[in-house]
Amino acid sequence: MSLSIGIVGLPNVGKSTLFNALTGRSVPAENYPFCTIDPSVGIVAVPDARLLALTALSHSQKTIPAAVQFIDIAGLVKGASEGEGLGNKFLSHVREVDAIAEVVRVFPSQNGEDIIHVYGTINPLRDIGVINLELILADMQVVSKRQASLEKEMKRGSKEALAEDAVLKKLSACFEKEELARSLVLSAEEEALVKPLNLLTRKPILYVLNTKGDKTEIPKDVLEFFSAQGAEKERAPWIALDIRSEHELGQIAENEREEFRKELGVSEEGVDELIKRGYEALDLITFFTTGEDETRGWTVKRGSTAPEAGAAIHTDFRDTFIRAEVVFWKDLIDAQTYAKAREKGLVRTEGKEYIVQDGDVIEFKI
0 MSLSIGIVGL PNVGKSTLFN ALTGRSVPAE NYPFCTIDPS VGIVAVPDAR
50 LLALTALSHS QKTIPAAVQF IDIAGLVKGA SEGEGLGNKF LSHVREVDAI
100 AEVVRVFPSQ NGEDIIHVYG TINPLRDIGV INLELILADM QVVSKRQASL
150 EKEMKRGSKE ALAEDAVLKK LSACFEKEEL ARSLVLSAEE EALVKPLNLL
200 TRKPILYVLN TKGDKTEIPK DVLEFFSAQG AEKERAPWIA LDIRSEHELG
250 QIAENEREEF RKELGVSEEG VDELIKRGYE ALDLITFFTT GEDETRGWTV
300 KRGSTAPEAG AAIHTDFRDT FIRAEVVFWK DLIDAQTYAK AREKGLVRTE
350 GKEYIVQDGD VIEFKI
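Each residue of the sequence shown is one higher than the one before, counting from 0 in numbering that gives the first Met the number 0.
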């Protein structure tokens, strides 16, 4: 499954540095043959201790993690929806991704360092507002064009067109209040009508606050934004990250990172946490296959059936699926072998209707 997260933000806020830090965790592209790779795309391994435990259990010769794509998108400026800066090119790139990582600079210049901000001052909420408003304006244009195209069908009394127009009016009202479409709670029927529009402001978003070590104080108004009155209303998670330090950490040997991390004042593995948050934002889960040849994490959408999960391995698995033998990864580790797990009744036989769970170890029968 090839799902992507676009890294967006104003110019000079740390987008490309974040992309470089992420690609320091890249995995070999040959393991993901369905991905189209160019210099702005990185296939990044999803950190997962479960994979290593299963590899050790099976004495696997090869370990392949689940992965997610990150795409470095050029900086957005005010007026992009009207063609300013890269304008439509920028917005078309955002429209192609499945989720957004919005980078926002929080730290001020210090120690003589002069990283120029496009607006001259550091104001995270202003920057968030600029980016989100441009996305809203772009979506308003999409909705307006769709409404115009429905007029003839509505005059004919088409129930489908009338139903779609009702949803479009909800979206327009939302945009008029400068709110993202993500803040709207829609029914399953309404969601199906909205999906073909591929709205920018309906995509999952993860805010990345670019800090300086653990010492950068997040402004009070920013913390208030990430509250019930702000980003949470949009169902948007956030993470504070020292992007430059994470990039520098990626350039040194792994056994030296802990000491260097202390010197930089960065206490946690921030990029790994970002990757996990991005994976969650896409509503993805991981199931595993394991054996002597290979232990591998496979990516599927939450709620996928066993045949749909099988298609992640090979598309034929969806049509030729007979049944699946399933065991939860921790149960398999505790049992120590498949044979013992079967003896304890921990290995289940599941059919086509089974909904795959995060952490399942699956053997497909076709």
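For every residue, glycine included, the Cβ atom is placed at its ideal position computed from N, Cα and C.
Residue i: first and last residue of the uninterrupted alpha helix (DSSP H) it sits in
| i | result |
| --- | --- |
| F18 | K14 to T22 |
| D175 | Rather than Asp, the amino acid found at residue 175 in this sequence is Glu. Segment K158 to E175, the alpha helix (DSSP H) holding E175. |
| N131 | P123 to K154 |
| V193 | A187 to V193 |
| T348 | Looking at the DSSP string, T348 is not in any alpha helix (DSSP H); the run it does join, the beta strand (DSSP E), is R347 to E349. |
| A334 | W328 to A334 |
| K339 | Y337 to E342 |
| T319 | D315 to T319 |
Any non-hydrogen atom of the ligand SAM closer than 7 angstroms to residue i Cβ
| i | result |
| --- | --- |
| A165 | With respect to the ligand SAM, the structure offers nothing, as it holds no ligand at all. |
Status (buried if at least 16 other CB within 10 Å, exposed otherwise) for residue i
| i | result |
| --- | --- |
| A20 | buried |
| L222 | exposed |
| E133 | buried |
| K61 | exposed |
| T336 | exposed |
| E319 | It should be pointed out that residue 319 corresponds to Thr in this sequence rather than to Glu. Exposed. |
| V43 | buried |
| I274 | buried |
| L196 | buried |
| T210 | buried |
| I36 | With a pLDDT of only 46 at I36, under the threshold of 50, the placement of this residue in the model should not be trusted; the figure read from the coordinates follows. Exposed. |
| Q356 | exposed |
| D241 | buried |
| H246 | buried |
| V346 | buried |
| E150 | exposed |
| E163 | buried |
| A79 | Low local confidence applies: a pLDDT of 48 at A79 is under 50, so the model's placement there is unreliable, and no value is given. |
| L68 | Note that residue 68 is Gln in the sequence shown, not Leu. Answer is buried; the Cβ neighbour count reaches 16. |
| V184 | exposed |
| T304 | buried |
| E83 | Reliability of the predicted coordinates at E83 is poor, the pLDDT of 48 falling under 50, and the value obtained from them is presented with this limitation in mind. E83 comes out exposed. |
| T288 | buried |
| A147 | exposed |
| G13 | buried |
| K144 | exposed |
| T91 | For the sequence presented, residue 91 should be read as Ser rather than Thr. Answer is exposed; the Cβ neighbour count stays below 16. |
| F33 | For F33, the pLDDT reaches just 43, beneath the cut-off of 50, and the residue's location in the model is therefore unreliable, although a value from the coordinates is still provided. The residue is exposed, with fewer than 16 neighbouring Cβ atoms inside 10 Å. |
| K364 | exposed |
| L51 | exposed |
| A338 | exposed |
| L331 | buried |
| G119 | exposed |
| D71 | buried |
| A311 | buried |
Residue i: first and last residue of the uninterrupted beta strand (DSSP E) it sits in
| i | result |
| --- | --- |
| F224 | Premise fails: F224 lies in the alpha helix (DSSP H), K219 to F224, not in any beta strand (DSSP E). |
| L240 | W237 to L240 |
| A100 | A98 to R104 |
| Q68 | A66 to D71 |
| K61 | K61 to I63 |
| E362 | D359 to K364 |
| S57 | That residue, S57, is in no beta strand (DSSP E); its alpha helix (DSSP H) goes A48 to S57. |
| A44 | V40 to A44 |
| I312 | Run containing I312: none in the beta strand (DSSP E); it sits in the alpha helix (DSSP H), A305 to I312. |
| Y206 | I204 to N209 |
| S3 | S3 to V7 |
Integer-rounded CB distance, given that residue j should sit under 8 angstroms from residue i
| i | j | result |
| --- | --- | --- |
| R49 | W328 | 5 angstroms |
| T285 | T298 | 6 angstroms |
| T200 | D126 | Actually they are not in contact, since the Cβ atoms of T200 and D126 sit about 16 angstroms apart, beyond 8 angstroms. |
| G296 | V45 | 7 angstroms |
| I130 | L9 | 7 angstroms |
| I354 | G309 | Contact flag wrong, Cβ pair sits at about 13 angstroms. |
| L198 | A187 | Not quite, the Cβ-Cβ distance comes to about 17 angstroms (not below 8 angstroms), so this is no contact. |
| E362 | E324 | 4 angstroms |
| T348 | R317 | Incorrect: roughly 18 angstroms between the Cβ atoms, too far for contact. |
| E189 | V166 | 5 angstroms |
Can you give, in chain order, each stretch of the beta strand (DSSP E) that sits fully within the region 266-297 and has at least 3 residues?
-> 283-289
Contact the region 99-109 vs the region 166-178: 3+ CB pairs below 8 angstroms | no
Could you say if the region 3-15 and the region 92-101 meet the contact criterion of at least three C-beta pairs nearer than 8 angstroms?
-> yes
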